[in-house]
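Here the structure is laid out as structure tokens; the discussion comes afterwards.
Residue numbers (our numbering): 24 to 481.
Have a look at this one:
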């Protein structure tokens with residue numbers, strides 16, 4: 024095992040709090056008062072106590088607990104107890120790879136994913152769907168392939184028995200029908216192993232790194248001006264003000280979905296028209312200047328006394344709005360239904376437009392969109408072009424970036440608005456900067472035309 028840092032200091036609460044985030048890979052600091060007691064510091068600033076000790080002749084990192092939940096004195100007592108257990112032979116397979124993947128995943132969810140990631144629910148869904156042997160090869164969206172064998176049940180394997188070839192086989196089998204899901208699954212497996220290594224429960228190389236991922240092209244979906252009009256019409260008809268304000272704030276700020284959902288009232292300063300996010304997805308804080316529409320929404324929501332902490336309160340475990348799937352789908356169904364109805368009316372299919380009136384579209388959008396899709400198909404209306412039900416919540420953020428780009432905003436400015444840590448993340452919006460290119464090409468064409476008109480043709 025190699026450490027990036029071997030700093031030694033007498034541990035105290037003040038000294039540990041003062042330690043900066045790691046600049047690259049995890050950094051380690053060692054206590055001068057308790058032999059073997061160490062502290063890991065990650066890029067996000069997460070700090071954890073561990074015991075660095077040889078077990079059966081091999082150096083191991085044995086997890087003690089996260090700081091400050093575990094105090095310095097508690098960590099020293101736990102380290103001394105572990106040293107005694109090692110000497111007595113009581114420390115077993117949890118640090119030598121005999122822990123099963125299901126147990127390692129449980130530890131990952133408990134110690135890392137749920138407290139540290141907003142995608143904990145997605146991780147659990149990926150694990151249960153793809154790593155427990157429930158799916159078959161070639162299965163897509165719950166539809167089993169005829170005669171397909173089951174995917175490898177990784178949950179039952181011991182960590183020491185999970186190899187690169189085994190994971191490559193799992194990745195290949197998943198890639199038959201769902202290549203992107205195969206990549207996401209392998210990323211989760213890699214994260215579980217990384218966590219086990221960091222916490223001292225696995226002492227070998229991460230086998231998931233031996234798996235070559237499938238090539239992915241970035242998603243390009245964003246709202247067109249026409250779609251934005253119908254989205255706004257649908258929002259005006261939506262009775263649930265929570266989903267309405269969430270969508271409007273997401274578009275007004277360009278912030279990530281998780282940050283908008285977990286917005287705290289204390290982080291909003293209406294006098295300065297700013298919203299400060301403590302920690303974003305890329306591990307850095309962000310201050311967002313609030314536009315006029317954002318201020319209008321927040322002025323009303325901050326005045327609501329029913330929730331002193333959250334802008335979007337909820338009865339969920341977190342206390343705030345978590346995943347507005349049903350509300351978002353309802354908004355998209357209504358927007359699509361109204362758009363199809365308008366197209367049928369323009370194509371002189373007034374009978375259908377009368378049967379599926381605006382009230383039906385507003386109150387029963389799911390029923391309306393199904394009926395109007397069928398009618399539009401018979402009438403020769405392009406249903407696929409008019410449908411908006413494929414929009415995802417993250418596409419709202421992508422819409423902000425693409426509209427900024429098409430409006431002539433520079434890539435650095437777009438990166439600042441979207442709080443991209445890497446310029447590579449912002450580079451995808453360069454393809455939307457067509458107007459300056461078009462103007463330049465028009466100028467070149469005009470210059471050629473002007474030059475040719477001045478030639479004397481003999």
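Here a beta-carbon is modelled for each residue, glycine too, at the ideal position from N, C-alpha and C.
Quantities reported herein were computed from a predicted structural model and do not represent experimental measurements.
- For residue 328, same chain residues with a beta-carbon under 6 Å away, outside a window of 5 residues either side, do not exist.
- Straight across, the Cα-Cα distance linking residue 418 with residue 437 is about 15 Å.
- Contact between residue 267 and residue 274 does not hold, since their C-beta atoms are separated by about 11 Å, which reaches or exceeds 8 Å.
- Here residue 388 carries a helix assignment [DSSP, helix/strand/coil].
- Here residue 32 is bridged, per DSSP, to 54.
- When the beta-carbon positions are compared, residue 81 and residue 184 stay at least 8 Å from each other.
- Exposure of residue 471 is indicated by the presence of fewer than 16 other C-beta atoms within 10 angstroms of its C-beta.
- Contact between the segment 378 to 385 and the segment 403 to 422 is absent, with fewer than three C-beta pairs closer than 8 Å.
- Annotation for residue 437: the continuous alpha helix (DSSP H) segment containing it runs 434 to 441.
- Rounded to whole angstroms, residue 431 and residue 209 show a C-alpha spacing of 38 Å.
- Counted as a single uninterrupted DSSP element, the stretch harbouring residue 352 is not any beta strand (DSSP E) but the alpha helix (DSSP H) occupying residues 348 to 369.
- For residue 123, same chain residues with a beta-carbon under 8 Å away, outside a window of 5 residues either side, are 178, 179, 180, 181 and 182 in chain order.
- Within the same chain, Cβ atoms closer than 6 Å to the Cβ of residue 236 are found at 206, the five residues on either side in sequence being excluded.
- Look at the beta carbons and you see the segment 307 to 322 not touching the segment 342 to 356: under three pairs across the two are nearer than 8 Å.
- In the three-state reduction of the DSSP assignment, residue 61 falls in the strand class, which pools E and B.
- Rounded to whole angstroms, the Cβ separation of residue 370 and residue 404 is 6 Å, and the two are in contact under 8 Å.
- Boundaries of the alpha helix (DSSP H) harbouring residue 102: 95 to 110, taken from the DSSP string.
- Residue 74: member of the beta strand (DSSP E) spanning 70 to 78, first to last residue.
- Between residue 86 and residue 222, the C-beta gap is smaller than 8 Å, which places the two residues in contact.
- For residue 312, the enclosing beta strand (DSSP E) begins and ends at 309 to 312.
- Counting along the chain, residue 88 sits inside the beta strand (DSSP E) bounded by residues 81 to 90.
- Using a Cβ distance threshold of 8 Å, residue 51 and residue 63 count as a contacting pair.
- In this structure residue 399 does not touch residue 441 by the C-beta definition: roughly 36 Å separates them, more than the 8 Å allowed.
- Here residue 32 has 38, 52 and 55 as same chain residues with Cβ atoms under 7 Å from its own Cβ, once five neighbours each way along the sequence are excluded.
- A contact between stretches requires three or more CB pairs, one per stretch, nearer than 8 Å, and the segment 241 to 254 meets this requirement with the segment 421 to 430.
- For residue 297, the uninterrupted beta strand (DSSP E) run begins and ends at 297 to 300, by DSSP.
- DSSP places residue 188 inside the alpha helix (DSSP H), whose first and last residues are 187 to 198.
- Within the same chain, and ignoring the five residues on either side of residue 322 in sequence, the residues whose Cβ sits closer than 7 Å to its Cβ are 293.
- When DSSP states are grouped into helix, strand and coil, residue 238 belongs to the coil group.
- In this structure, the CA atom of residue 65 is about 8 Å from the CA atom of residue 47.
- Residue state for residue 287 is assigned as strand, using DSSP reduced to three classes.
- Bounds of any alpha helix (DSSP H) do not take in residue 410, whose DSSP letter is neither H nor E.
- Rounded to the nearest angstrom, the gap between the Cα atoms of residue 317 and residue 276 is 7 Å.
- Partner residues in the beta bridge of residue 173, as assigned by DSSP, are 159.
- When the Cα atoms are used, residue 233 and residue 216 turn out to be separated by approximately 13 Å.
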